[in-house]
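Residue numbers (the numbering used here), protein chains in the order written: chain A, 1 to 362; chain B, 1001 to 1362. Note that the Cβ used here is the ideal one computed from N, Cα and C, for glycine as well.
2 protein chains.
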Amino acid sequence: MDILKKTLEKIEKIDYALSEKTQKRLDNLTKPQGSLGRLEELAGKIVDITGNENPSIKNKVVFTMAGDHGITEEGISAYPKEVTPQMIYNFIRGGAGINVLARHAGARIVVVDMGVAEELKIKNEKLKIKKINYGTKNMANGPAMSKSEAIRSIEAGIEVFEEELPNGIDIVGTGDMGIGNTTPSSAISSIITERPVTDMTGRGTGIDQRALSNKITLIEKAISVNKPDAKDAIDVLSKVGGFEIGGLAGVVLAAASRRIPVVIDGFISGAAALIAYQLEPKVKDYMIAAHCSVERGHRIILNYLGLKPLLDFDLRLGEGTGAALAMTVIEAGIKILAEMATFQSAAVSEKIDKHSDELVKG
Amino acid sequence: MDILKKTLEKIEKIDYALSEKTQKRLDNLTKPQGSLGRLEELAGKIVDITGNENPSIKNKVVFTMAGDHGITEEGISAYPKEVTPQMIYNFIRGGAGINVLARHAGARIVVVDMGVAEELKIKNEKLKIKKINYGTKNMANGPAMSKSEAIRSIEAGIEVFEEELPNGIDIVGTGDMGIGNTTPSSAISSIITERPVTDMTGRGTGIDQRALSNKITLIEKAISVNKPDAKDAIDVLSKVGGFEIGGLAGVVLAAASRRIPVVIDGFISGAAALIAYQLEPKVKDYMIAAHCSVERGHRIILNYLGLKPLLDFDLRLGEGTGAALAMTVIEAGIKILAEMATFQSAAVSEKIDKHSDELVKG
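Now the structure itself:
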């Protein structure tokens, strides 16, 4: 509890004075004011978060955290649970979606076993073992994990982040792997956003209509059996959460405590972001929403957090794939700030009447 | 006319058999089917366009074409027209938005003087001179250019493309520079899409409300004075177009004739795409819409062409900036196809019941 408490205390409220100054710099670059839209917004945001007027995002890291879920025994996923460890081996060999997109973005990945149901038969520098337990318990029958495990999962996420920090981290992406993990994510987000389970529950990796109805019924049962307290994120995480979700909440909090921007991937990462937000609302300003997932409920999470997603690409893979893809456009925003010429340096004439009226977007 | 005619004849109807085959390959990669959404769509699209089942997009080129516009004498732009050549010098020195974003995307740029109102005082391998004339005439009083100039501008675009082809082109982006060029673009798109001028006219680089009303009145006047024939793209281009718009239409046609995907940037590029489409409707299938611009009317153009933009970043700079940015995500789609492991190669278990029911997006 000590690590978590200290991390929460370190998260500062952002002072927006720097981004106003940055916008003045952006306005003096050789383009009509504001004409690079969200690229300019991203540049200002990274300046605000880091407190650095000339930020670089050379060191990009995606944390892909894995865990298993007791609720899979109810048949809520289209894939068998052995896929969780199998995909970890795939991450380590470099053949998964996140490997391809992280390489494309120039990001490295850190894979974390937060609670896979079996012992992994591999050692690798990319893989960190922070196994809280061998999968969660079936939340339809009682808490998914103990309160102590919930806290330890968040703290393990913080630890992983802190262990990786000496290798350089300028921007962080969140990623998940865990067969069945849209189910706890739907439960968490339904509780925290106070929306009905049906609004927050989708087809995950691809279940049919009957399985979807069953999934909704099970989530409703898990909530009624466990009665999580929406105001107590640890209670929510322990009763209907997952180890990788706790770990990712820890990564989000750790990044904010270090003033490092954190790119939130999809639906499971969104549920982790909600946990982090309930623990410390200030963390929201350190988040950048990578994309809006196909998984219904994700848009509701983003609205709840006041985040506008960068991409809308019909993604629903997880692993951090959306976060890695978004990093490429975020980096473009930083480069605009760093590399573009000013009207003066390029000897380009400015607007005819700079003080005409306010530009209203046409 | 001969170059244009031959190019139009070479544009083939795309056979979609290859993308169906490609989707089967994508479905066998270690991810739920379709879970990489638009990245998968992009991979299929590039396969279809190129006819190559393993396409690479190593050689990326943005053609940024510049021209001046007689209508600027009516005060329709927020910037003076000397900015057109000044920005060309900026492109050559590498300080403009397109330089930054093209470098980020790993693209090279080719800058073309299609009709700048003054003689450029610079020689550089990046800069091609295809000056059709020293700016167009004021279209509010008569045709912007002669029919022969309209054809020559399109053919010059084709020539520039063909001259660049030996240096390697796997994907093309369109870009524009020309103070005042949202005005002819609004006129062209209003005529071709048959929508009122008010729907197609925005604030360009940032004019005020009074200047916007004046701009609309002038475009309506230009249309009523010139009476362009919506079915005759050459007539439309000559009466209310611009040299860089004609040149970009040529680039689009040339790319399609060579089965090379062409990334359409924003509003001005959209108007050029409309000209190309009116000349040969099959060209549409070779286009990828980079983004949806702030400039109103752009969405109408995209709908008319049946194109769904990749990004929605509130961009309104032109130059090819949106196209360059989009290239980074398009390349990600190609890498997914090329680099991801299959279920077999990674020894990952497949879906429990592959034949359950059809996945409906949740």
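At least one beta carbon of chain B lies nearer than 8 Å to the beta carbon of Thr328/A.
Of all residues in the segment 299-324 of chain A, only Leu310, Leu311, Asp312, Phe313, Asp314, Leu315, Arg316, Leu317, Gly318, Glu319, Thr321 and Ala324 place a beta-carbon less than 9 Å from a beta-carbon of chain B. In the DSSP assignment, Phe63/A is bridged to Val110/A and Thr174/A. Closest option to Lys137/A, judged by alpha-carbon separation, among Val240/A, Arg296/A and Leu302/A: Val240/A. Taking C-beta atoms as the reference points, Pro261/A and Tyr286/A count as a pair closer than 8 Å. Around the beta carbon of Gly1142/B, fewer than 16 other beta carbons sit within 10 angstroms, so the residue counts as exposed. Secondary-structure assignment with DSSP links Thr328/A through no beta bridge to anything.
Secondary structure at Met1287/B: strand, using DSSP grouped into helix, strand and coil. Contacts with chain B at 8 Å (Cβ-Cβ) include Gln86/A.
Proximity of Tyr1134/B to chain A, defined by a Cβ-Cβ separation below 8 Å, is not satisfied.
Pairwise C-beta distances place the segment 1175-1186 of chain B in contact with the segment 1231-1249 of chain B, as three or more of them are shorter than 8 Å. The beta carbon of Val83/A is closer than 6 Å to those of Ile179 in its chain, skipping five residues each way along the sequence.
Counting other Cβ atoms within 10 Å of its Cβ, Asp2/A stays below 16 and is therefore classed as exposed. At a cut-off of 8 Å between beta carbons, Leu26/A makes no contact with chain B. Counted as a single uninterrupted DSSP element, the alpha helix (DSSP H) harbouring Lys1215/B occupies residues Gln1209 to Asn1226. At a cut-off of 8 Å, the C-beta of His1069/B has no neighbouring C-beta in chain A. Residue environment analysis places Lys1282/B among the exposed positions, since fewer than 16 neighbouring C-beta atoms fall within 10 angstroms of its C-beta. Along the segment 29-59 of chain A, going in chain order, the ones with a CB nearer than 7 Å to a CB of chain B are Thr30, Lys31, Pro32, Gln33, Ser35, Leu36, Gly37, Arg38 and Leu39.
When DSSP reads this structure, Ile129/A sits in a beta bridge with Asp113/A. Val1348/B sits in coil when the DSSP states are folded into three classes, being neither helix nor strand. With fewer than 16 other Cβ atoms from the protein chains shown falling within 10 Å of its own Cβ, Gly1051/B counts as exposed. When Ile1264/B, Asn1054/B and Ile1092/B are compared, the shortest CA-CA separation from Lys1126/B is found for Ile1092/B. Against chain B, a Cβ distance below 8 Å from Ser345/A picks out Gly1095. Residue-level contact check: Glu1073/B does not touch chain A, since none of the beta carbons of chain A fall below 8 Å from its beta carbon. With contacts defined by Cβ atoms closer than 8 Å, Phe313/A and Leu1337/B do not form a contacting pair. Around Ala341/A, the beta-carbon contacts reaching into chain B at under 9 Å are Asn1090, Arg1093, Gly1094, Gly1095, Ala1096 and Asn1099. In the same chain as Ile1288/B, and ignoring 5 residues on each side of it, the C-beta atoms closer than 8 Å to its own belong to Leu1042, Lys1045, Pro1261, Val1262, Val1263, Ile1264, Leu1307, Leu1310, Ala1326 and Ile1330, in chain order.
Within chain B, no C-beta atom comes less than 8 Å from the C-beta of Thr22/A; the nearest is roughly 16 Å away. Only Thr201, Gly202, Arg203, Gly204, Thr205, Gly206, Ile207 and Asp208 from the segment 194-208 of chain A bring a Cβ to less than 9 Å from some Cβ of chain B. Around the beta carbon of Lys81/A, 16 or more other beta carbons sit within 10 angstroms, so the residue counts as buried. For a Cβ distance threshold of 8 Å, residue set Val100, Leu101, His104, Leu325 and Thr328 of chain A lies close to Ala1332/B, ordered along the chain. With fewer than 16 other beta carbons inside 10 angstroms of its own, Gln1209/B counts as exposed. The segment 1230-1265 of chain B is shown to contain whole beta strand (DSSP E) runs of 3 or more residues at 1262-1264, in chain order.
Neighbours of Ser213/A across chain B, judged by C-beta separation under 8 Å, do not exist; the nearest C-beta is about 12 Å away. Glu1082/B belongs to the set of residues whose beta carbon lies under 8 Å from a beta carbon in chain A.
Apart from the 5 residues on each side of it in sequence, Ser1257/B sits with its Cβ closer than 7 Å to the Cβ of Thr1007, Lys1010 and Ile1011 in its chain, given in chain order.
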